[in-house]
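Report on one structure; see the data block that follows.
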Amino acid sequence: MPTTNTWTGGTSTAWNNAANWSEANWPGDTGHEDHDVIIPDTSSIHNPTLGGSFTINSLTIQSNGTIVGGGHKLTIDGEADGSGVTTNGYALKNDGIVSGNLDIDFTYAGETAADFNGSSGTFQHVRVNVASADVNQDGPATLASLTVVANSTYDTGNNALTIEEGNLSVSGILLLNNATVVVSDNSSALSISNTGIVTCVNTNLTVNAVSLGQGTFTAPSATGSFIITGEKSGLAFDYDGNGYVHNSGTIQIKTAASTFVDFTPNNGSTDINNVTIDHASCVAKWTHACTIAGDLLIKQGTIEADDGDEAFTVEGDVTVGDGTGSANTAVLGNAADTADMTFGSLTIESDGKYIATSGTTTISGY
Numbered sequence: 009m010p011t012t013n014t015w016t017g018g019t020s021t022a023w024n025n026a027a028n029w030s031e032a033n034w035p036g037d038t039g040h041e042d043h044d045v046i047i048p049d050t051s052s053i054h055n056p057t058l059g060g061s062f063t064i065n066s067l068t069i070q071s072n073g074t075i076v077g078g079g080h081k082l083t084i085d086g087e088a089d090g091s092g093v094t095t096n097g098y099a100l101k102n103d104g105i106v107s108g109n110l111d112i113d114f115t116y117a118g119e120t121a122a123d124f125n126g127s128s129g130t131f132q133h134v135r136v137n138v139a140s141a142d143v144n145q146d147g148p149a150t151l152a153s154l155t156v157v158a159n160s161t162y163d164t165g166n167n168a169l170t171i172e173e174g175n176l177s178v179s180g181i182l183l184l185n186n187a188t189v190v191v192s193d194n195s196s197a198l199s200i201s202n203t204g205i206v207t208c209v210n211t212n213l214t215v216n217a218v219s220l221g222q223g224t225f226t227a228p229s230a231t232g233s234f235i236i237t238g239e240k241s242g243l244a245f246d247y248d249g250n251g252y253v254h255n256s257g258t259i260q261i262k263t264a265a266s267t268f269v270d271f272t273p274n275n276g277s278t279d280i281n282n283v284t285i286d287h288a289s290c291v292a293k294w295t296h297a298c299t300i301a302g303d304l305l306i307k308q309g310t311i312e313a314d315d316g317d318e319a320f321t322v323e324g325d326v327t328v329g330d331g332t333g334s335a336n337t338a339v340l341g342n343a344a345d346t347a348d349m350t351f352g353s354l355t356i357e358s359d360g361k362y363i364a365t366s367g368t369t370t371i372s373g374y
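Heads up, the sequence shown is in the numbering used here, so the first residue is 9 and it goes up one at a time.
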């Protein structure tokens, strides 16, 4: 059975000093990796400061308690069981303060809860790092990065998740249920590997970029939102597989740059539904012949073929401009485009411009 070990901090700030702990040994020392660690109110005692990376059973940071990461990692290999710890069922329960850089690895091969939302500070690089792990986020979380390894699960529940400095990388299962999720760093992406599964349910998802391999991505539905604000490696949307499920929603590209969009699945099927281009500085270039199953709206900015010879089909309605800007605020096409284009319908507003391809433009609707 795990041992409950509470920080007393009477001697120093050193985590790995047995005199600072209630059990007269320190969590993570050889033979003491099964400790349920409690960091109480440290406002009148020393704050525990990690001097290395250690394995523990669970971590509870109580109100006004502070842990100083020092650039190290805690591997959490279990959860509190209620025998002396009030946070039964939690691998991590934070009501206090995280200072410095502290990484977390979850290696408990079972279902558990994690509460990252203390009064100050954020955890850095967090990994669900063993098969069969199932981490349920309790409350909002702000992290530097999040990695979900193959055959593991991370579930945000109905809670907000913000990734500030790195990727949201998924090789296992990521469930975003009624959540607001933001990946904000301008060099990062929602990255879904060949084994990854990301499911959005009524999700408001804002990411710098999307990189989708052979995995599965069920995008937000029309009751949510899906906004791309930047690019990674030159691509705002990079699709190398067959597993994008549009779920009736719209991809809103608000990248303030010239960027590439790869909307084409490897098997030639039509997965992309509705697309909106919505930044005056955006020049989105489709990289392969592609089909959009729904509608295309260019509120502002430009969308055109990369090399000029990639065919473009929009099965729904195409609207260039929204009537609120100056002339040529919204542009479809480029004078160098030579491939055929097919639209269900084409509407050019007062602030829009269609540069017709030298190939054939077909209006398939009525």
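For glycine and all other residues, C-beta sits at the position ideal for the given N, C-alpha and C.
Chain-order list of residues whose beta-carbon lies under 8 Å from that of residue i (same chain, five-residue window excluded)
{"i": "tyrosine 116", "result": "Ile84, Asp85, Gly86, Glu87, Ala99, Val138, Ala141"}
{"i": "glycine 147", "result": "Asp123, Phe124, Asn125, Asn167"}
Whole-number beta carbon distance between residue j and residue i, since they are thought to touch under 8 Å
{"i": "leucine 295", "j": "aspartate 314", "result": "For clarity, residue 295 is threonine in the given sequence; the question names leucine instead. Yes, threonine 295 and aspartate 314 are in contact; Cβ-Cβ is about 5 Å, under 8 Å."}
{"i": "glycine 36", "j": "threonine 63", "result": "6 Å"}
{"i": "serine 334", "j": "aspartate 359", "result": "6 Å"}
{"i": "glycine 60", "j": "histidine 43", "result": "Not a contact, Cβ separation roughly 15 Å."}
{"i": "serine 179", "j": "alanine 158", "result": "4 Å"}
{"i": "isoleucine 200", "j": "leucine 220", "result": "5 Å"}
Closest by C-alpha distance to residue i, when choosing among the options
{"i": "leucine 305", "options": "Ile363, Thr258, Asn202, Thr130", "result": "Thr258"}
{"i": "asparagine 55", "options": "Trp29, Thr332, Leu176, Asn65", "result": "Trp29"}
{"i": "glutamine 222", "options": "Asn194, Phe234, Asp248, Ser199", "result": "Asp248"}
{"i": "alanine 347", "options": "Ser358, Val326, Thr370, Ala335", "result": "Thr370"}
{"i": "isoleucine 181", "options": "Tyr162, Val189, Asp193, Phe124", "result": "Tyr162"}
{"i": "threonine 95", "options": "Gly108, Gly367, Ala301, Asn65", "result": "Asn65"}
{"i": "glutamine 145", "options": "Pro228, Pro10, Ser20, Thr170", "result": "Thr170"}
{"i": "leucine 340", "options": "Ala121, Ala149, Pro10, Val291", "result": "Val291"}
{"i": "aspartate 194", "options": "Thr355, Ser160, Asp44, Glu239", "result": "Checking the sequence shown, residue 194 turns out to be asparagine, not aspartate. If we check each option's Cα against that of asparagine 194, Glu239 comes out closest."}
{"i": "glycine 18", "options": "Asp325, Ile46, Ile300, Ser52", "result": "Ser52"}
{"i": "glycine 367", "options": "Gly324, Asp330, Gly316", "result": "Gly316"}
{"i": "valine 143", "options": "Ser160, Gln132, Ser128, Phe131", "result": "Ser160"}
{"i": "glycine 331", "options": "Asn202, Gly276, Lys361, Ser177", "result": "Lys361"}
{"i": "glutamate 172", "options": "Glu357, Thr130, Ala344", "result": "Thr130"}
{"i": "isoleucine 5", "options": "Thr207, His254, Pro10", "result": "Shown here, the chain extends from 9 to 374; a query on residue 5 therefore has no answer."}
Own chain residues within Cβ distance below 6 Å of residue i, not counting five before or after
{"i": "asparagine 33", "result": "Ala26, His40"}
{"i": "glycine 174", "result": "Ala152, Ser153, Ser196"}
{"i": "valine 134", "result": "Ile112, Leu151, Leu154"}
{"i": "leucine 213", "result": "Val189, Pro228, Phe234"}
{"i": "valine 76", "result": "Asn55, Thr57, Ser107, Gly108"}
{"i": "phenylalanine 320", "result": "Met349"}
Same chain, Cβ closer than 7 Å to residue i, five either side skipped, listed in chain order
{"i": "aspartate 49", "result": "Gln70, Ser71, Asn72, Gly73"}
{"i": "glycine 126", "result": "Ile69, Asn102, Asp103, Gly104, Ile105, Val106"}
{"i": "aspartate 270", "result": "Leu243, Phe245, Asp246, Tyr247, Thr295, His296"}
{"i": "threonine 231", "result": "Asn210"}
{"i": "tryptophan 23", "result": "Trp34, Pro56, Thr57, Leu58, Gly59"}
DSSP state of residue i mapped onto helix, strand, coil
{"i": "asparagine 102", "result": "strand"}
{"i": "asparagine 167", "result": "coil"}
{"i": "alanine 292", "result": "strand"}
{"i": "alanine 335", "result": "coil"}
{"i": "asparagine 282", "result": "strand"}
{"i": "asparagine 185", "result": "strand"}
{"i": "asparagine 13", "result": "strand"}
{"i": "asparagine 202", "result": "coil"}
{"i": "asparagine 212", "result": "strand"}
{"i": "threonine 125", "result": "A small fix is needed here, since residue 125 is asparagine in this sequence, not threonine. Reduced to three states, the DSSP call for asparagine 125 is coil."}
{"i": "asparagine 28", "result": "helix"}
{"i": "tyrosine 362", "result": "strand"}
{"i": "lysine 307", "result": "strand"}
{"i": "isoleucine 53", "result": "coil"}
{"i": "alanine 22", "result": "strand"}
{"i": "leucine 58", "result": "coil"}
{"i": "alanine 149", "result": "strand"}
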